[in-house]
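Just so we're on the same page, this note's numbering is the position in the sequence shown counted from 1, plus 7.
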Amino acid sequence: MLTKFVSLLWSLFMLTSCVAQHPCDIVPGTFDSWMQGATSIDVVVVGGGASGLSAMKQFQGGKRKVNSVVLLEAQDYLGGRVKTVRTSIEATGKTVLTEDGAEWVHGGRTTDLYRLAKKLNGLAPDTKTWNIFFNRNNGAKASPLGYNIRRNLMKQCETKKIITPYFQKPDKGFGQCFIDRFDQTYKKLKAPAAEKEAWYFYNEQMVNKDQGTDTWLNISARDALNFRGADQWDQWKNGYDTLINYITKSIENSKLKLNSPVCRIHWDNESTDRVLVVTKDGTSYLAKHVLITVSIGYLKEHRELFTPELPTTYTKLLEDVHLGVADKIQLGWDKPWWGNKYLDLTMIWTEKNLPAEQEWLYGIMEFLSIHQYPEMIQAFITGKYAKLMEDLPEETVKSDIMQLLNSVMSKTLQKKGLSAVPEPIFFRRTTWGLHEWSYGSYNSYVSPVGADNGLKTRQPLAKSVKNSYNKQVLIWGGEALSTTRYGAVDGAMAVGKTMAIKIKNLLA
Ligand SMILES: Cc1cc2nc3c(=O)[nH]c(=O)nc-3n(C[C@H](O)[C@H](O)[C@H](O)COP(=O)(O)OP(=O)(O)OC[C@H]3O[C@@H](n4cnc5c(N)ncnc54)[C@H](O)[C@@H]3O)c2cc1C
Ligand SMILES: *[C@@H]1O[C@H](CO)[C@@H](O)[C@H](O)[C@H]1NC(C)=O
Ligand SMILES: *[C@@H]1O[C@H](CO)[C@@H](O)[C@H](O)[C@H]1NC(C)=O
Numbered sequence: 008m009l010t011k012f013v014s015l016l017w018s019l020f021m022l023t024s025c026v027a028q029h030p031c032d033i034v035p036g037t038f039d040s041w042m043q044g045a046t047s048i049d050v051v052v053v054g055g056g057a058s059g060l061s062a063m064k065q066f067q068g069g070k071r072k073v074n075s076v077v078l079l080e081a082q083d084y085l086g087g088r089v090k091t092v093r094t095s096i097e098a099t100g101k102t103v104l105t106e107d108g109a110e111w112v113h114g115g116r117t118t119d120l121y122r123l124a125k126k127l128n129g130l131a132p133d134t135k136t137w138n139i140f141f142n143r144n145n146g147a148k149a150s151p152l153g154y155n156i157r158r159n160l161m162k163q164c165e166t167k168k169i170i171t172p173y174f175q176k177p178d179k180g181f182g183q184c185f186i187d188r189f190d191q192t193y194k195k196l197k198a199p200a201a202e203k204e205a206w207y208f209y210n211e212q213m214v215n216k217d218q219g220t221d222t223w224l225n226i227s228a229r230d231a232l233n234f235r236g237a238d239q240w241d242q243w244k245n246g247y248d249t250l251i252n253y254i255t256k257s258i259e260n261s262k263l264k265l266n267s268p269v270c271r272i273h274w275d276n277e278s279t280d281r282v283l284v285v286t287k288d289g290t291s292y293l294a295k296h297v298l299i300t301v302s303i304g305y306l307k308e309h310r311e312l313f314t315p316e317l318p319t320t321y322t323k324l325l326e327d328v329h330l331g332v333a334d335k336i337q338l339g340w341d342k343p344w345w346g347n348k349y350l351d352l353t354m355i356w357t358e359k360n361l362p363a364e365q366e367w368l369y370g371i372m373e374f375l376s377i378h379q380y381p382e383m384i385q386a387f388i389t390g391k392y393a394k395l396m397e398d399l400p401e402e403t404v405k406s407d408i409m410q411l412l413n414s415v416m417s418k419t420l421q422k423k424g425l426s427a428v429p430e431p432i433f434f435r436r437t438t439w440g441l442h443e444w445s446y447g448s449y450n451s452y453v454s455p456v457g458a459d460n461g462l463k464t465r466q467p468l469a470k471s472v473k474n475s476y477n478k479q480v481l482i483w484g485g486e487a488l489s490t491t492r493y494g495a496v497d498g499a500m501a502v503g504k505t506m507a508i509k510i511k512n513l514l515a
């Protein structure tokens, strides 16, 4: 009887531990069998996000085409952190388009990305008109004067002359510039003293929203200044995956393998001067070069991917860079209930009296209508608040956010004769921090300590790794390697292209 019970417990344990298993925990085969069965190939690209796909496009086109190449993507779709979602809504019979990841074409109008979007006539016309609110979290009106401090401080702290003193060793962190200038700037704006603390908090959360950081001191001042490019707000009218589909069209289908997580990378073994790349099901490739475009978050989490371990010079660099967490919470109705236009609601926390289990809500600073749907709204949440949110069940997140909306919009509800915010017919939240193929969202940021350690640009991270045969076998890709456009789609694309050209040169 007892043994039966114990074995029941054991099988329960096995069952639950199986559920928690990573797809790469057990890969069929051995080094020798993988070597024997390996497909000989010039290049393996690991990861089918914007960076990996741009590299593939480069291999397939231009001078010196590279034909002997394959892209291995862990998930069942291409795009990675570009992920367009289409949901059909029962109540209205309509399909709505939302973005879990990238949403805007940032980076100015000279990037390949912008030119391509124009060429494809893919951008939505910007004809939105807004119902604008500045509210305190309890629903009272906030003074819009405080809002101006954000732009004002941003302008100051993104000026080279002002920010440079903050990255003399020790790098003080980007946020220190804001901290030092807040009081004086707030005074100049003649905004109400009663809201000062709330706008201070708002400013820090907005910097966190841009950077994905837990605190605005987490990102090096130098790294923040390296980031360049106008943040225009163009959107794809039919989803960001228009881009992914377009790039994919130019790549031979058989060269793109979905559901193929790379589980082992034997990059330095005396039996070969090449790299042995093994996927989940034991399929293997023996490659001259491997282009690795997984997120920096994934790389930090899964060093065991590499045999032997990566050189300490490289793993040390990884200590100095982090992938931030930013999530989206989206709600939709059949029509806007706050007015008849797009919603632009800025909120500040003048009363911080949430119970501990709802403290994640402090990360919410604004609600904005999205895409071509005035009736669909979205809030960003970042850093530690996003991580708290991700740990909660979806139902709790939904009811907490509804409670917040009811409070912050209480005056408008009264005016409209509504007793409460109507029940949404669409709800979605992302969990990028927990995402097993991403471990974060944006930005990949260098810590102040990292900058002091010498990570002044992303160049050291982009340095390829040689094996004992002195071959550059591991080539790094992905958004994190762009010094000026890290954390963005255009940056990821540019890095992919650059690295593909580098590999073409190595193969020549
Ligand atoms: C919420 C959010 C909002 C954003 N907003 C914007 C925006 O508005 N504008 C903008 O420009 N950028 C935005 N970004 C950033 C942008 O999405 C990314 O910088 C860019 O898409 C990164 O591309 P990548 O190819 O470097 O990485 P990824 O897209 O992460 O691609 C890496 C790929 O590698 C795969 N992979 C991981 N491990 C393995 C493995 N072991 N084997 C095989 N494959 C593996 C992953 O599944 C993934 O597909 C946003 C990101 C998020 C998350
Ligand atoms: C961010 O800053 C906080 C406070 O200084 C610190 O405790 C934390 O470790 C930092 N996080 C990262 C990822 O550097
Ligand atoms: C090469 O692979 C074999 C088989 O797995 C292993 O025994 C040996 O230690 C490896 N050598 C190196 C340098 O990793």
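Glycine residues also receive a C-beta, built at the ideal position from the N, C-alpha and C atoms.
Fair warning: this is a prediction, and the values are worked out from it, not measured in the lab.
Could you tell me which residues DSSP puts in a beta bridge with residue 377? Reading the sequence shown from its first residue, position 370 is the one you call residue 377. Note: residue 377 sits in a beta bridge opposite 380.
Restricting to Cα atoms, I'd like to know which of 449, 322, 346 is closest to residue 421. Position 414 of the sequence shown, counted from the first residue, corresponds to residue 421. Looking at the Cα atoms, 346 is the closest of the given residues.
Hey, would you say residue 37 sits closer than 8 Å to residue 292, going by beta carbons? Working through the sequence shown from its first residue, we reach residue 37 at position 30. Working through the sequence shown from its first residue, we reach residue 292 at position 285. Contact flag unset, no.
Would you mind reading off the limits of the beta strand (DSSP E) that contains residue 138? For the purposes of this step, residue 138 is taken as residue 131 along the sequence shown, with counting starting at 1. Taken as a continuous stretch (DSSP letters only), the beta strand (DSSP E) holding residue 138 covers 137-143.
Per the DSSP calculation, residue 190 is bridged to which residue(s)? The residue you call residue 190 lines up with position 183 of the sequence shown. Residue 190 pairs with nothing; no bridge assigned.
Taking C-beta to C-beta, are residue 142 and residue 135 nearer than 8 Å? Sequence index remark: in the sequence shown, residue 142 carries index 135 (1-based). Sequence index remark: in the sequence shown, residue 135 carries index 128 (1-based). Cβ distance not < 8 Å, so residue 142 and residue 135 don't count as in contact.
In terms of residues, what are the limits of the beta strand (DSSP E) holding residue 354? In the sequence shown, the residue the question calls residue 354 occupies position 347. It spans 349-355 - the beta strand (DSSP E) in which residue 354 sits, taken as one unbroken run.
Looking at the strands, I want to know which residues DSSP matches up with residue 241. The residue given as residue 241 occupies position 234 in the sequence shown. Paired residue(s): 112.
What does the Cβ neighbour count give for residue 424, buried or exposed, with the cut at 16 atoms within 10 Å? Counting from one through the sequence shown, the residue named residue 424 turns up at place 417. Counting Cβ neighbours within 10 Å, residue 424 comes out exposed, since fewer than 16 surround it.
Hey, residue 210 and residue 152: beta-carbon distance below 8 Å or not? Position 203 of the sequence shown holds residue 210. Position 145 of the sequence shown holds residue 152. No, these two residues do not count as a Cβ contact at 8 Å.
Could you tell me the alpha carbon to alpha carbon distance between residue 355 and residue 145, rounded to whole angstroms? Residue mapping note: residue 355 aligns to position 348 of the sequence shown, counting from 1. Residue mapping note: residue 145 aligns to position 138 of the sequence shown, counting from 1. Distance between the alpha carbons of residue 355 and residue 145 is about 9 Å.
Whole-angstrom Cβ separation of residue 393 and residue 334, contact assumed at under 8 Å? Taking the first residue of the sequence shown as position 1, residue 393 is located at position 386. Taking the first residue of the sequence shown as position 1, residue 334 is located at position 327. About 5 Å separates the two Cβ atoms, so the contact holds.
Can you say whether residue 20 is buried or exposed, counting buried as having 16 or more other CB atoms within 10 angstroms of its CB? On the sequence shown, position 13 is the one that residue 20 refers to. Unreliable placement is indicated for residue 20, whose pLDDT of 49 sits below 50; the coordinate value is still reported in the next sentence. Its Cβ having fewer than 16 others within 10 Å, residue 20 is exposed.
Express the C-alpha separation of residue 302 and residue 442 in angstroms, rounding to a whole number. Sequence index remark: in the sequence shown, residue 442 carries index 435 (1-based). Sequence index remark: in the sequence shown, residue 302 carries index 295 (1-based). Straight-line Cα distance between these residues: approximately 11 Å.
Span of the alpha helix (DSSP H) around residue 497: For the purposes of this step, residue 497 is identified with residue 490 of the sequence shown, where counting begins at 1. Element bounds for residue 497: 496-514.
Is the Cβ of residue 230 closer than 8 Å to any Cβ of chain C? No chain C appears in the structure shown, which is made up of a single protein chain.
Can the beta-carbon of residue 352 be found closer than 8 Å to that of residue 373? Here the question's residue 352 lines up with position 345 in the sequence shown. Here the question's residue 373 lines up with position 366 in the sequence shown. The answer is yes: Cβ separation under 8 Å.
Cutoff 7 Å; reference residue 13; Cβ partners in own chain excluding five residues on either side: Here the question's residue 13 lines up with position 6 in the sequence shown. Caution is warranted here: a pLDDT of 49 is assigned to residue 13, below 50, making its placement in the model unreliable, and no coordinate value can be reported.
Bounding residues of the beta strand (DSSP E) (the contiguous stretch that carries residue 295): Taking the sequence shown and counting its residues from 1, one reaches residue 295 at position 288. Segment 291-299, the beta strand (DSSP E) holding residue 295.
Within the stretch 395-460, ranges of the alpha helix (DSSP H) (whole runs, at least 4 residues): 401-415, 417-422, 455-459
Applying the criterion that 16 or more other CB atoms from any shown protein chain within 10 Å of the CB defines a buried residue, is residue 58 buried or exposed? Residue 58 sits at position 51 when you count from the first residue of the sequence shown. Burial call: buried.
Going along the chain, which residues of its own chain have a beta-carbon closer than 6 Å to the beta-carbon of residue 98, five neighbours each way excluded? Numbered from its first residue, the sequence shown carries residue 98 at position 91. Closer than 6 Å at the Cβ level, and outside the excluded window around residue 98, lie 432.
C-alpha gap between residue 32 and residue 310, whole angstroms: Taking the first residue of the sequence shown as 1, we reach residue 32 at position 25. Taking the first residue of the sequence shown as 1, we reach residue 310 at position 303. Rounded to whole angstroms, residue 32 to residue 310 spans 13 Å at the Cα level.
Taking the alpha-carbon positions, what's the residue 480 to residue 74 distance? Position 473 of the sequence shown, counting from 1, holds the residue named residue 480. Position 67 of the sequence shown, counting from 1, holds the residue named residue 74. Looking at the two C-alpha atoms, the distance is approximately 18 Å.
Which of helix, strand or coil does DSSP assign to residue 385? Looking up residue 385 in the sequence shown gives position 378. Strand at residue 385.
What residues in its chain sit with their C-beta under 7 Å from that of residue 202, if we drop five residues either side in the sequence? Residue 202 sits at position 195 when you count from the first residue of the sequence shown. Hits under 7 Å: 149, 150, 153, 355, 357.
Which partner residues does residue 337 have in the DSSP bridge list? If you number the sequence shown from 1, residue 337 lands on position 330. The partner list for residue 337 (beta bridge, DSSP) reads 385, 435.
Does at least one heavy atom of ligand 1 sit under 7 Å from the Cβ of residue 205? As a position in the sequence shown, residue 205 is number 198, starting the count at 1. Residue 205: no, Cβ never under 7 Å from ligand 1.
Exposure of residue 25, with buried meaning 16 or more beta-carbon neighbours within 10 Å: Walking along the sequence shown from the start, residue 25 turns up at place 18. At residue 25 the pLDDT is 49, less than 50, meaning the model places this residue with poor confidence; the figure from the coordinates comes in the next sentence. The residue in question, residue 25, is exposed, as its Cβ has fewer than 16 Cβ neighbours within 10 Å.
Taking 7 Å as the line, does the beta carbon of residue 477 fall inside it for any heavy atom of ligand 3? Numbered from its first residue, the sequence shown carries residue 477 at position 470. The answer is no for residue 477.
Would you decide whether residue 8 is buried or exposed? Buried here means 16 or more other CB atoms lie within 10 Å of its CB. Counting from one through the sequence shown, the residue named residue 8 turns up at place 1. Note that residue 8 scores 46 on pLDDT, short of 50, meaning its location in the model is unreliable; the coordinates nonetheless yield the value given after this. Exposed: under 16 other Cβ atoms inside 10 Å.
With 16 other CB atoms within 10 Å as the buried threshold, where does residue 251 fall? In the sequence shown, residue 251 corresponds to position 244, counting from 1. Residue 251 should be labelled buried.
Measuring only from the beta carbon, is residue 215 closer than 7 Å to any heavy atom that is part of ligand 2? One-based indexing of the sequence shown puts residue 215 at position 208. Residue 215: no, Cβ never under 7 Å from ligand 2.
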